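Remarks on the structure that follows.
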Amino acid sequence: ANRKYASFNALLKHVPPLRDMLFDPNHTPDKLAKYLRELQKRADKARNENIHDVCELVGSMAATLFPTQYISIKRAKHIRMDRGIKSPVFGYLLCPSNMDWNDSVTQQAIQQGETDISDMFFINALYENLRRGTGSLLKTGLFKSCMLVKVWCYIFTCPATAHRIPYDDIDTLHPDAKRPCLGLDGPQSKLSDRAVASIIGLTSVTPRTIAYAVVMLHFNLTAYDSWPNDKCVGGLSYTAMWNWVVDWFEAPETDADAELAKEVLTWWNERVFPKQSAAVRAAVTSGKAKFQAAEAAAQAAAIAGSTPA
2 ANRKYASFNA
12 LLKHVPPLRD
22 MLFDPNHTPD
32 KLAKYLRELQ
42 KRADKARNEN
52 IHDVCELVGS
62 MAATLFPTQY
72 ISIKRAKHIR
82 MDRGIKSPVF
92 GYLLCPSNMD
102 WNDSVTQQAI
112 QQGETDISDM
122 FFINALYENL
132 RRGTGSLLKT
142 GLFKSCMLVK
152 VWCYIFTCPA
162 TAHRIPYDDI
172 DTLHPDAKRP
182 CLGLDGPQSK
192 LSDRAVASII
202 GLTSVTPRTI
212 AYAVVMLHFN
222 LTAYDSWPND
232 KCVGGLSYTA
242 MWNWVVDWFE
252 APETDADAEL
262 AKEVLTWWNE
272 RVFPKQSAAV
282 RAAVTSGKAK
292 FQAAEAAAQA
302 AAIAGSTPA
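Heads up: the sequence shown at position 185 corresponds to 186 in my numbering, and the numbers run straight through without jumps.
In structure tokens form, the structure reads like this:
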């Protein structure tokens with residue numbers, strides 16, 4: 002209930018005409034329904050544009066990360082039929098991190114549907130270095146994937162920013178792809194007025210934008226060429242996946258999980274919005290220093306006032 006209410010308030014913030022209409026005593030249900038249909042139509046169009054753009058980006062990333070698997074980047078960028086769980090590369094990226102894709106028995110069981118992975122959202126493509134570390138907890142490195150960060154930047158900032166985010170250091174990576182991260186504040190990285198982040202006033206990475214990027218990345222790893230009306234592919238529900246990501250950040254089960262979620266968001270912002278992150282850290286440090294100084298002065302004054310003349 003709280004999540005739906007928060008989403009509703011966010012919708013009203015970013016769509017002022019809807020807010021005005023809802024609070025207008027003279028609005029009619031028919032007028033509101035018509036506006037909502039148009040709003041949904043535009044949302045669908047934006048999502049389809051994201052799918053098209055991310056499709057090419059994912060193909061390009063896969064060709065760079067696994068260069069020996071492709072004849073050309075051009076083919077990788079445009080051919081969806083090479084993707085999905087049947088593909089050696091995309092199958093690996095779609096494989097849950099607690100399973101060994103390189104084990105032929107495991108791989109065959111997944112590909113033939115003998116092992117159901119439809120509700121295992123923690124796939125290799127979401128992890129730092131595109132894999133969970135040996136012996137690591139499932140949460141270690143989760144949501145720190147270069148592919149995910151690039152998809153997020155492509156959608157919310159600009160393609161140039163996405164291309165500047167460095168690739169994870171994996172064994173198959175093409176040597177030419179290894180370069181330093183410049184982040185959003187690198188050369189020629191100023192957000193245009195048309196960037197989604199500029200339009201909605203986004204100055205930091207949020208759990209819900211990460212969740213959207215996760216869905217876009219996963220869908221474009223599959224061989225499906227159009228967004229499903231029921232938001233499900235191969236038994237996997239993208240609604241459930243989106244909620245799983247949001248829960249991971251916004252509804253952690255333990256204090257340790259809450260600290261980890263906070264750390265991951267900080268990690269994201271240092272890479273995507275480094276200047277803003279540095280400013281926040283400086284403000285926190287300055288605030289602590291001033292508080293400590295004021296507290297010390299107050300204690301000194303209290304001691305002085307209680308000392309007999």
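Where a beta carbon is used, it is the ideal one built from N, C-alpha and C, also for glycine.
These numbers were taken from a predicted model, which means no experiment stands behind them.
How many Å lie between L317 and F91 at the Cα? This structure leaves residue 317 out entirely; the chain is present only between 2 and 310.
Contacting residues, own chain, Cβ-Cβ under 7 Å from F144 (five flanking each side not counted): In the sequence shown, residue 144 corresponds to position 143, counting from 1. These residues qualify, in order along the chain: L127, I211 and V265.
Roughly how many angstroms lie between the CA atoms of W153 and A241, to the nearest whole one? In the sequence shown, residue 153 corresponds to position 152, counting from 1. In the sequence shown, residue 241 corresponds to position 240, counting from 1. Taken atom to atom, the span from the alpha-carbon of W153 to that of A241 is near 19 Å.
Selected residue, minimal CA-CA separation from R216, among S205, V206, C233 and T204: Looking up residue 216 in the sequence shown gives position 215. Correcting the residue identity first, residue 216 is Val in this sequence and not Arg. If we check each option's Cα against that of V216, C233 comes out closest.
Going by DSSP, which residues form a beta bridge with V234? Counting from 1 along the sequence shown, the entry for residue 234 is found at position 233. Answer is L237, bridged to V234.
Which residues does DSSP list as the beta-bridge partners of L143? As a first step, residue 143 must be located in the sequence shown, where it is residue number 142. L143 pairs with Y128.
If you reduce the DSSP assignment to three classes, tell me which class P68 lands in. To locate residue 68, count along the sequence shown from 1; it is residue 67. In the structure shown, P68 sits in a helix (DSSP, three-state: H, G or I).
Quick one: grab the DSSP three-state call for P97. Residue mapping note: residue 97 aligns to position 96 of the sequence shown, counting from 1. Of the three classes helix, strand and coil, the one that applies to P97 here is strand, per DSSP.
State the DSSP-derived secondary structure class of F24, mapped to helix, strand or coil. Here residue 24 refers to the residue found at position 23 of the sequence shown. Coil at F24, not helix or strand.
In chain order, each beta strand (DSSP E) run of at least 3 residues that lies wholly inside the segment 245–275: none
Out of curiosity, what's the CA-to-CA distance linking V150 and K87? If you number the sequence shown from 1, residue 150 lands on position 149. If you number the sequence shown from 1, residue 87 lands on position 86. Their backbone Cα atoms lie some 25 Å apart in a straight line.
Considering Cα atoms alone, identify which of Y168, S227, S205 and H28 is closest to N51. Walking along the sequence shown from the start, residue 51 turns up at place 50. For N51, the nearest C-alpha among the options comes from S227.
Measure the C-alpha to C-alpha separation of T255 and W249 and round it to an integer number of angstroms. In the sequence shown, residue 255 corresponds to position 254, counting from 1. In the sequence shown, residue 249 corresponds to position 248, counting from 1. So the two alpha carbons sit approximately 11 Å from each other.
If I'm right that I124 touches C147 with Cβ under 8 Å, what's the distance once you round it to whole angstroms? As a first step, residue 124 must be located in the sequence shown, where it is residue number 123. As a first step, residue 147 must be located in the sequence shown, where it is residue number 146. In fact, because the Cβ distance is near 14 Å, the residues do not count as touching under 8 Å.
Just the Cα atoms here: how many angstroms apart are D186 and D104? Counting from one through the sequence shown, the residue named residue 186 turns up at place 185. Counting from one through the sequence shown, the residue named residue 104 turns up at place 103. At D186, the pLDDT of 41 sits below 50, so the modelled position is not reliable; the number obtained from the coordinates is stated separately. Whole-angstrom Cα-Cα distance: 42 Å.
So, for P30: in the same chain, excluding its five sequence neighbours on each side, which residues have a beta-carbon less than 6 Å away from its beta-carbon? Translated into the one-based positions of the sequence shown, residue 30 becomes position 29. Excluding positions up to five away in sequence, the list is empty.
Give the single residue among H53, A47 and L19 whose Cα lies nearest to the Cα of A224. Counted from its first residue, the sequence shown places residue 224 at position 223. The candidate whose alpha carbon is nearest that of A224 is H53.
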